[in-house]
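Quick notes on the structure that follows.
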Amino acid sequence: MSTRSTLDFLLYDWLKVDQLSERERFAEHSRATFDAVLDTCERLARDKFAPFNRLLDTEEPRVENGRVRLPQATHDALHAYAATGMIAASQDADIGGMQLPCVVEKAANAFFSQACIAMGGYVMLTHGNAGLLMAHGTPKQQEVFAAREFAGEWFGTMCLSEPQAGSSLSDIATRATPDGDAFEADPLGPRYKLVGNKMWISAGEHEITPNIVPLVLAKIPDADGKLPAGVKGISLFIVPKHHVDADGALTGVRNDVSLAGLNHKLGYRGTTNTLLNSGEKGGAVG
Numbered sequence: 639m640s641t642r643s644t645l646d647f648l649l650y651d652w653l654k655v656d657q658l659s660e661r662e663r664f665a666e667h668s669r670a671t672f673d674a675v676l677d678t679c680e681r682l683a684r685d686k687f688a689p690f691n692r693l694l695d696t697e698e699p700r701v702e703n704g705r706v707r708l709p710q711a712t713h714d715a716l717h718a719y720a721a722t723g724m725i726a727a728s729q730d731a732d733i734g735g736m737q738l739p740c741v742v743e744k745a746a747n748a749f750f751s752q753a754c755i756a757m758g759g760y761v762m763l764t765h766g767n768a769g770l771l772m773a774h775g776t777p778k779q780q781e782v783f784a785a786r787e788f789a790g791e792w793f794g795t796m797c798l799s800e801p802q803a804g805s806s807l808s809d810i811a812t813r814a815t816p817d818g819d820a821f822e823a824d825p826l827g828p829r830y831k832l833v834g835n836k837m838w839i840s841a842g843e844h845e846i847t848p849n850i851v852p853l854v855l856a857k858i859p860d861a862d863g864k865l866p867a868g869v870k871g872i873s874l875f876i877v878p879k880h881h882v883d884a885d886g887a888l889t890g891v892r893n894d895v896s897l898a899g900l901n902h903k904l905g906y907r908g909t910t911n912t913l914l915n916s917g918e919k920g921g922a923v924g
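Letter by letter, the sequence shown follows residues 639 to 924 of the working numbering.
Right under this line is the structure:
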C-alpha cells in the first residue's frame with residue numbers, strides 16, 4: 639500500500655476528517671481542498687525533497703570562512719515549501735493561514751518526513767517556534783517574529799541544552815541580565831543581555847533565510863548574582879540572529895551570538911547541529 643493510499647484510508651475511512659468541514663472553523667474546506675493540499679505536498683516532496691535525501695547524508699553542513707554551507711537543493715526545497723503556505727497551514731486566515739485541521743496538516747507533512755527528514759527539520763522547528771509565540775508571545779512579538787516565520791521569511795529554532803547540562807535543563811547556566819535601566823521599555827518586550835553556551839542546536843545557523851529566530855532558555859540571577867536552582871527559575875527569550883527594529887526590519891547588525899562549531903550526527907545529517915556562544919562581545923540581546 640502506498641503512502642498516499644494509507645493516508646487516505648486513515649483520514650477518510652477511519653478518522654472521517656471530511657466531516658470536520660461541518661464545523662464553523664473549517665467551513666471553507668471540503669474533501670476536495672484536503673485532497674488538493676495532499677496532492678501539492680506529495681508532489682513537492684517527490685520532486686524537491688526525495689531526490690536529495692542521499693545527497694544530504696553525504697554532504698553534511700560545513701563551515702567555510704565562518705559561514706555555514708549547505709547544498710543548494712536544501713535552499714531550493716525549503717523556499718518551495720514556504721511558498722505553499724504550509725508553515726501556517728493550520729493557523730487563522732487573518733494571519734495568512736489556511737485554517738486546515740491539524741490532522742490534515744500533519745498528514746500532508748508526512749510526505750516530507752518520508753522524502754527527506756533532514757530538510758523537513760528546518761520547517762518543523764520554525765512551525766513549533768512560531769506556534770509557541772502565538773500561544774505565549776505579546777501581540778507585537780507575534781507580529782514581528784511569528785508572522786514572518788509562518789510566511790517562511792525567517793526560520794526559527796529552540797536553544798535548550800548546554801554542554802555541561804545535557805538534557806538536565808535545571809542545570810543550565812546561561813544567564814540573562816536586564817539591559818540598562820530602561821530595559822522594560824522596549825516595544826518588543828523587556829530587553830535582556832544573555833551570556834552562555836548552547837549545544838546540539840538544530841538549525842541554529844544557516845543562510846536559508848535572512849534571519850533566524852531562536853527561542854533561548856536562560857536564568858535571571860537574583861540580587862546576589864546567583865542563578866535560581868531548578869527548572870522553575872528558567873525563562874524564555876527571543877534572541878534573533880540579526881537585530882530588528884520595532885517593526886521587524888533588519889538593522890544590519892548581527893546579535894552577539896556566534897557559531898562555535900558543528901556537530902556530526904548519525905541521522906538528520908542535512909540539518910545543522912550547532913554549538914552557539916552568546917555574549918562574547920558583551921551579551922546577546924533577547
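Even glycine gets a Cβ: it sits at the ideal position worked out from N, Cα and C. As the structure is a computational prediction, the values presented were derived from the model and not from experiment.
**Report entry** From 857, 886, 856 and 860, residue whose alpha carbon lies closest to that of residue 849
**Finding:** 886
Query raised in the report: If you follow the beta strand (DSSP E) that residue 684 is part of, which residue opens it and which one closes it?
Result: That residue, residue 684, is in no beta strand (DSSP E); it is neither H nor E in DSSP.
**Report entry** Cβ pair residue 814, residue 873 closer than 8 Å
**Finding:** Result yes, Cβ atoms of residue 814 and residue 873 sit closer than 8 Å.
Requested in this report: Determine contact between the segment 793-813 and the segment 856-872, defined as no fewer than three beta-carbon pairs at a distance below 8 Å.
Outcome: yes
**Report entry** Cβ distance (whole Å) where residue 690 is taken to contact residue 721 below 8 Å
**Finding:** The pair is not a contact, with the Cβ atoms about 18 Å apart (cut-off 8 Å).
Query raised in the report: Between the Cα of residue 824 and the Cα atoms of 664, 881 and 858, which residue gives the shortest distance?
Result: Here the closest residue by C-alpha is 881.
Query raised in the report: Per DSSP, residue 599 forms a beta bridge with which residues?
Result: The structure shown does not extend to residue 599, since the chain is modelled only from 639 to 924, so the question has no answer here.
Report task. Tell me whether residue 835 is buried or exposed, calling it buried when 16 or more other Cβ atoms sit within 10 Å of its Cβ. Result -> buried
Query raised in the report: Name the DSSP bridge partner or partners of residue 706?
Result: 701
Query raised in the report: Secondary structure at residue 906, three-state DSSP: helix, strand or coil?
Result: coil
Query raised in the report: First and last residue of the beta strand (DSSP E) that includes residue 758?
Result: Counted as a single uninterrupted DSSP element, the stretch harbouring residue 758 is not any beta strand (DSSP E) but the alpha helix (DSSP H) occupying residues 740-774.
**Report entry** Integer-rounded CB distance, given that residue 907 should sit under 8 Å from residue 694
**Finding:** 6 Å
Query - Beta-carbon proximity check, residue 782 vs residue 853, cutoff 8 Å - result: no
Query raised in the report: Can you tell me whether residue 681 is buried or exposed, with buried defined as 16 or more other CB within 10 angstroms of its CB?
Result: Exposed: under 16 other Cβ atoms inside 10 Å.
Query raised in the report: Hey, how far is the Cα of residue 674 from the Cα of residue 922?
Result: 43 Å
**Report entry** For residue 829 and residue 859, the rounded distance between their alpha carbons
**Finding:** 15 Å
Query - Beta-carbon gap between residue 799 and residue 837 smaller than 8 Å - result: yes
Requested in this report: Mark residue 667 as exposed unless 16 or more other C-beta atoms lie within 10 angstroms of its C-beta, in which case mark it buried.
Outcome: Buried.
Query raised in the report: Hey, would you say residue 846 sits closer than 8 Å to residue 788, going by beta carbons?
Result: With respect to residue 788, residue 846 sits apart: the two C-beta atoms are not nearer than 8 Å.
Query raised in the report: How is residue 733 classed by DSSP in three states: helix, strand or coil?
Result: helix
Query raised in the report: With a Cβ-Cβ cutoff of 8 Å, do residue 833 and residue 735 count as a contact?
Result: At the C-beta level, residue 833 and residue 735 stay beyond 8 Å of one another.
Query raised in the report: First and last residue of the beta strand (DSSP E) that includes residue 856?
Result: 850-857
Query raised in the report: In the structure shown, what three-state DSSP assignment does residue 877 receive?
Result: coil
Query raised in the report: Where DSSP assigns a beta bridge to residue 828, which residues make up the other side?
Result: None; residue 828 has no bridge partner.
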